[in-house]
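Take the sequence shown: its position 531, counting from 1, is numbered 522 in our numbering, and each next residue is one higher.
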Amino acid sequence: MRASRFFVSTLKEAPSDAEIVSHKLMMRAGMIKRLGSGIYSYMPMGLRVIRKVEAIVREEMNRAGAIEMLMPVVQPAELWQETGRWDKMGPELMRVKDRHGRDYAIQPTSEEVITDVVRTEIKSYRQLPVNFYHIQTKFRDERRPRFGLMRGREFTMKDAYSFDRDVEGMQRSYQLMYDAYVAIFNRFGLQFRAVAADNGAIGGSGSHEFHVIADTGEDALVYCSGSDFAANMEAAEAPGLLAQRQPPSQPLTKTPTPGKTRCEDVAELLGLPLSQTVKSVVLMADAAEEGGEKQLWLLLLRGDHELNEVKASKVPGLGQFRFASETEIVEAFGTTPGYLGPIGTARPVKIVADRTVANMNDFVCGANEAGFHYTGANWGRDIPEPVVCDLRNVVEGDASPDGKGVLAIQRGIEVGHVFQLGTRYSADMKATFLDVNGKPALMQMGCYGIGITRILGAAIEQNFDDKGIVWPASIAPFEVVLCPMGYDRSAMVKEETDRLYAALQAAGVDVIVDDRGERPGVMFADWELIGVPHRVVIGERGLKDGSLEYQGRRDAAATPVALADMAEFIR
Ligand code: ATP
Ligand code: MG
Ligand code: MG
Ligand code: MG
């Protein structure tokens, strides 16, 4: 590629809405351009990275025996009604009507469509197992789109769906995909961790998430250094994680009157003096019983920073929420007092009381009026049973649930998710096949997602410095940039640059030559910002004694390399 015929568009400053480093650097490097909230154009430089990510994913999926196809973005509502997800998905599912008034979903994933394909195409056990995948545009009307490609509304996902004759087969297919994911993330050159996870709105019986390790990650991962125990902290009840740990005890000196909350108990629970002024109080119900989910009750106190910290560490179930200010709470839940509706995909949240109170007594009265009371260590109303194993409350150094060491916590960005679905979809959609005995049986499914566009953000969060992005070579927009000093002024420089360019191209190296005629300072700053892993400077001075200057993106200084050896050196 010649830079003069490509599109390089860099910025000195990132736009003010870019909060985290990957978003800032992608904007500055001209990789993406914002069109609307959570909606971006992939600019030529960014698209090259996306294509490389896709190519690696495609190769490993094919190697694992998955078969590529392409399913529609716009999908008839009827299919979504068959599985109940038309209602269950809530506002995250983008819905449109056609000119006849018929309803459609813009796909957030494609379980319904693939199950429809398979129930009509697959008749016999002889055709199973089979695994179909596609790399396709998704739309999720995220409550809080942010961080550029990290949490977009329109984004690209690779989603695969396996169909098996029985549970053992499904588990084999799942393991194949799990292994393929390990291979994929290794090829990206990223530091990652697979953790046990919650199935969320997709449903089914078991799942693992793949996380790129980064401090800015939205998820907290808890893992044991002495064993392979690793889980997303939000996966409090993921299969295999249950029951080993009791909820942290909240010793109370006074026994609360059943059905009635006493302000002393609340104050003690929260570690607050009785006279504490509380700005306002919100009671929320998380994961309500509707839809068969477990019921957890959360209490959020809006107020000063200190108060939130106290609350977050003392109230069961609140470990995952830490807020510095009232604005942050409102933003995180995208809500206003009195809002009633779902948060995220699986967690209906109800604000049942919101009032500004002068002291704990007023708050407790307010909660009582709203029909809430305090029992044991739980806040709530009609609590079915206590949460047995709540990873959300563990701290570094706690014993691992498997008893094999102590727990550590790190943050991660969810870049992939594999699920065992069982018959969650095949049952609703009657996807059957004739088994060995000629009897109809339900197909056992698995589904497997990778956030293609999110990978870009995650890779940068893990690989950057004060000059810009440092792409791992496997997904860099270009592997090598040639920076000639005076391409348009020196015949010698032009000749040697063109010669090296041709040699590298012939060797299959993805090389760009910067023939824009920019000053060296501008050239270097641009390619450092864009994050090309290898740079070669071609100048008259060096050429006179037969050498070029090589500098790796992470190197502190350039190394002279003999002209004749450069093509070999880069490879
Ligand atoms: P999250 O917890 O971040 O909302 P999810 O669990 O809802 O993600 P899945 O349904 O598991 O996402 O989808 C598979 C993959 O798609 C995720 O692991 C993630 O990499 C990617 N993904 C999900 N939502 C987004 C988004 N809004 N923008 C970009 N990528 C996304
Ligand atoms: Mg989500
Ligand atoms: Mg998730
Ligand atoms: Mg997920």
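Note that CB positions come from ideal geometry on N, CA and C, so glycine has one too.
- Cα atoms of I529 and Y541: separation of roughly 9 Å, rounded to the nearest angstrom.
- Between the segment 155 to 171 and the segment 127 to 140, the count of Cβ pairs shorter than 8 Å is below three; the stretches do not touch.
- Not one heavy atom of ligand 3 falls within 8 Å of the beta-carbon of A151.
- Around the beta-carbon of P63, fewer than 16 other beta-carbon atoms lie within 10 Å, marking it exposed.
- S417 carries a helical assignment under DSSP once its states are collapsed to helix, strand and coil.
- Distance from the C-beta of R131 to the nearest heavy atom of ligand 2 is below 8 Å.
- H199 is bridged by DSSP to A187 and V409.
- The segment 128 to 185 is shown to contain whole beta strand (DSSP E) runs of 3 or more residues at 145 to 155, in chain order.
- For the pair G29 and R142, the Cα-to-Cα distance works out to about 7 Å.
- Between I466 and the set A450, S115 and P120, the nearest pair of CA atoms involves A450.
- With a 10 Å radius around the Cβ and a threshold of 16 neighbouring Cβ atoms, I521 comes out buried.
- Here the alpha carbon of H91 sits roughly 43 Å from the alpha carbon of K15.
- Taken through DSSP and simplified to helix, strand or coil, S7 comes out as coil.
- Here C215 really is in contact with V397; their C-beta atoms are around 7 Å apart, less than 8 Å.
- The beta carbon of R39 sits closer than 8 Å to those of P468 and F469, all from its chain and outside the five residues before and after it, given in chain order.
- Annotation: G396 is outside any beta strand (DSSP E) and is labelled neither H nor E by DSSP.
- The beta carbons of F146 and R383 sit about 27 Å from each other, so the pair does not count as a contact at 8 Å.
- Secondary structure at K24: strand, using DSSP grouped into helix, strand and coil.
- Within the same chain, and ignoring the five residues on either side of A553 in sequence, the residues whose Cβ sits closer than 7 Å to its Cβ are G537 and S538.
- Between L140 and S13, the C-beta gap is smaller than 9 Å, which places the two residues in contact.
- CA-to-CA, the gap between D8 and E452 works out to about 17 Å.
- With a cutoff of 9 Å on beta-carbon distance, V504 and W462 are scored as not near each other.
- Going by DSSP, A482 is part of the alpha helix (DSSP H) stretching over A482 to A497.
- A55 and A497 have their C-alpha atoms roughly 31 Å apart.
- Judged by pairs of C-beta atoms under 8 Å, the segment 414 to 431 touches the segment 96 to 111, as three or more such pairs exist.
- In the DSSP assignment, V121 is bridged to F154.
- The C-alpha of M514 lies about 25 Å from the C-alpha of S32.
- CA-CA distance, L425 to R(-7), rounds to 58 Å.
- Within the same chain, and ignoring the five residues on either side of N454 in sequence, the residues whose Cβ sits closer than 6 Å to its Cβ are V461.
- For T423, the enclosing beta strand (DSSP E) stretches over residues T423 to L425.
- Beta-carbon to beta-carbon, M52 and A151 are separated by about 6 Å, close enough to satisfy the 8 Å threshold.
- Considering only A368, K485, I175 and G180, the residue with the shortest C-alpha distance to G440 is I175.
- At least one heavy atom of ligand 4 lies less than 8 Å from the C-beta of H408.
- The residues P120, N122, S153, D155 and G437, in chain order, have a CB closer than 7 Å to that of S164 in the same chain once the five nearest residues on each side in sequence are set aside.
- Counting other Cβ atoms within 10 Å of its Cβ, E159 stays below 16 and is therefore classed as exposed.
- Distance check between D546 and each of R137, L534, K535 and V527 places V527 closest, using alpha-carbon atoms only.
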